[in-house]
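First the structure, in the form of structure tokens, and then the observations on it.
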Amino acid sequence: MASGSGSSSFEKTQDFKKFLSQSRSDWDPEFAPNAPLPASCLARVKNELVSIFNDPIPGIFVVQDDADLGKVHALLTGPFETPYEGGFFYIIMRVPPQYPNQPPRARLVTTGNGQVRFNPNLYKNGKICLSILGTWQGPGWTPVMSLRSVLLSIQTLLNERPYHNEPGFEVERQQGDAQAYYDIITHETIRAAVCDMLERRVSNLPKPFYQVMQDNFPDYYQHYTEICRRNQAKDGTQMRDPFGDSRPKFNYTNLLARLEAIYKSCVSSSTAAAAGGSGSNSGTIGH
Numbered sequence: 001m002a003s004g005s006g007s008s009s010f011e012k013t014q015d016f017k018k019f020l021s022q023s024r025s026d027w028d029p030e031f032a033p034n035a036p037l038p039a040s041c042l043a044r045v046k047n048e049l050v051s052i053f054n055d056p057i058p059g060i061f062v063v064q065d066d067a068d069l070g071k072v073h074a075l076l077t078g079p080f081e082t083p084y085e086g087g088f089f090y091i092i093m094r095v096p097p098q099y100p101n102q103p104p105r106a107r108l109v110t111t112g113n114g115q116v117r118f119n120p121n122l123y124k125n126g127k128i129c130l131s132i133l134g135t136w137q138g139p140g141w142t143p144v145m146s147l148r149s150v151l152l153s154i155q156t157l158l159n160e161r162p163y164h165n166e167p168g169f170e171v172e173r174q175q176g177d178a179q180a181y182y183d184i185i186t187h188e189t190i191r192a193a194v195c196d197m198l199e200r201r202v203s204n205l206p207k208p209f210y211q212v213m214q215d216n217f218p219d220y221y222q223h224y225t226e227i228c229r230r231n232q233a234k235d236g237t238q239m240r241d242p243f244g245d246s247r248p249k250f251n252y253t254n255l256l257a258r259l260e261a262i263y264k265s266c267v268s269s270s271t272a273a274a275a276g277g278s279g280s281n282s283g284t285i286g287h
């Protein structure tokens with residue numbers, strides 16, 4: 001009936017406004033109430049982490065916080081054949097005392113110091129819009145879900161067609177929008193999720209993650225540099241974001257210089273480690 005359809009539309013609009021108006025205290029793990037976690041909650045987290053370590057998620061590395069056992073750090077590598085390929089995306093999660101009856105909180109830290117929106121679902125302030133986190137409309141969290149569920153859901157956002165993640169944008173509003181957005185994310189992945197991360201511009205990143213990035217960077221180096229050289233003609237051109245977000249100009253020449261410096265540093269560190277007989281700390285990381 002028309003009235004039923006109108007009511008449903010109104011409810012969806014109200015839900016949409018509710019999620020858009022959420023403050024950091026509603027979703028940010030760093031703004032979570034400082035409440036003690038019961039033994040049952042900590043045991044659940046421990047079991048989930050053991051499961052991840054024993055059955056690693058491809059492209060995802062996980063460590064538990066030393067000081068806060070309810071906080072978990074994750075590093076996601078951008079999937080192949082996407083504009084996120086080779087990027088390193090740092091995420092913080094924290095469970096509430098009611099876990100697993102309530103979902104964890106999660107925040108994307110890799111945002112170019114709050115300047116880069118990597119996806120319609122990944123805001124520049126770090127908010128991750130997923131229904132299972134209670135930050136977007138749709139099927140919500142259930143107690144059978146886990147930290148693995150959250151990480152896999154976030155990983156699926158890093159797909160080959162991020163423009164179409166935005167509801168109502170299954171079809172381009174303007175011809176070329178999807179490619180324009182793809183080009184932006186490709187550049188910003190190398191700038192903020194590779195260079196910034198390897199140059200240690202992200203604070204409080206767990207030390208094991210630096211080793212992961214240094215170990216993986218040389219394997220991606222040719223991929224990064226080929227993208228930069230192929231797109232250098234765009235340098236100086238203003239990025240056109242189909243969603244209206246403020247973006248910088250393309251500057252692949254600068255990225256090439258940064259990548260070269262990082263590569264030399266990684267090779268130097270690897271040589272020094274080999275000479276000293278030191279190994280990585282990969283035993284504590286799910287990968």
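Per the working numbering, the sequence shown starts with residue 1, numbered consecutively. Every residue gets a Cβ at the ideal spot worked out from N, C-alpha and C, and that includes glycine. The structure presented is a predicted model; accordingly, all values stated were derived computationally and were not measured.
Considering only DSSP beta bridges, list what residue i is partnered with.
i: histidine 73; result: Val63 and Ile92
i: leucine 259; result: DSSP lists no partner for leucine 259.
i: lysine 124; result: BP columns for lysine 124 are empty, so no partner.
i: leucine 108; result: Ile91
i: lysine 249; result: Gln238
Within the same chain, show all residues whose beta-carbon is closer than 8 Å to that of residue i, passing over the 5 residues directly before and after it, in chain order.
i: serine 149; result: Ile132
i: leucine 259; result: Ile190, Val194, Cys195, Tyr221, Tyr224, Thr225 and Cys228
i: tyrosine 263; result: Phe217, Pro218 and Tyr221
i: glycine 286; result: Caution is warranted here: a pLDDT of 38 is assigned to glycine 286, below 50, making its placement in the model unreliable, and the coordinate value is therefore given only provisionally. Excluding positions up to five away in sequence, the list reads Leu49, Ile52, Phe53, Pro56, Ile57, Ile60, Phe61 and Val62.
i: threonine 237; result: Lys249 and Phe250
i: proline 38; result: Pro97
i: asparagine 231; result: Asp183, Thr186, His187, Phe250 and Tyr252
i: valine 267; result: Pro218
With respect to the alpha helix (DSSP H) encompassing residue i, which residues constitute its N-terminal and C-terminal limits?
i: asparagine 117; result: For the record, residue 117 in the displayed sequence is arginine; it is not asparagine. Looking at the DSSP string, arginine 117 is not in any alpha helix (DSSP H), and its letter there is neither H nor E.
i: leucine 42; result: 39-54
i: arginine 24; result: 24-27
i: valine 150; result: 147-157
By Cβ distance below 6 Å, which residues in the same chain neighbour residue i in space, the five residues on each side in sequence not counted?
i: leucine 69; result: Leu42
i: tyrosine 181; result: Tyr163 and Pro242
i: proline 120; result: Asn165 and Glu166
i: serine 270; result: none
i: serine 146; result: Glu48
What does a CB cutoff of less than 7 Å around residue i pick up in its chain, not counting 5 residues either side in sequence?
i: serine 280; result: Residue placement at serine 280 cannot be trusted, given a pLDDT of 40 that sits under 50; the coordinates are not used to answer.
i: phenylalanine 31; result: Arg24 and Ser25
i: leucine 198; result: Met213, Phe217 and Ile262
i: glutamate 172; result: Ala178
i: valine 116; result: Lys124, Glu188 and Ala192
i: proline 29; result: Lys71, Ile92, Met93, Arg94, Arg105, Ala106 and Arg107
i: alanine 272; result: none
i: serine 8; result: In this prediction, serine 8 has a pLDDT of 46, which is less than 50 and means its spatial position is unreliable; nothing more can be read from the coordinates.
i: leucine 122; result: Leu108, Ile128 and Leu157
i: alanine 275; result: none
i: asparagine 159; result: Thr82
i: leucine 255; result: Ile190, Arg191, Cys195 and Cys228
i: aspartate 235; result: Phe250, Asn251, Tyr252 and Thr253
List, from N- to C-terminal side, the alpha helix (DSSP H) runs of 4 residues or more that fit wholly inside the stretch 159-210. 177-188
Is it a yes or a no for the stretch 95-104 touching the stretch 36-48, going by three-plus beta-carbon pairs under 8 Å? yes
Secondary structure, beta strand (DSSP E): runs of 3+ residues fully inside the stretch 205-240: If we require 3 residues or more, the stretch 205-240 turns out to have no beta strand (DSSP E) run fully inside it.
Taking one C-beta from the stretch 161-169 and one from the stretch 63-80 each time, how about it: are there three or more such pairs within less than 8 Å? They do not touch, by the three-pair rule.
Answer yes if the stretch 80-91 comes into contact with the stretch 172-188, meaning at least three C-beta pairs across the two stretches below 8 Å, and no otherwise. yes
Does the stretch 208-216 come close enough to the stretch 247-257 to have 3 or more Cβ pairs within less than 8 Å? In short, these stretches do not touch, since the Cβ pair count stays below three.
Tell me, please, whether the stretch 152-162 touches the stretch 122-141 by the rule of three or more beta-carbon pairs shorter than 8 Å. yes
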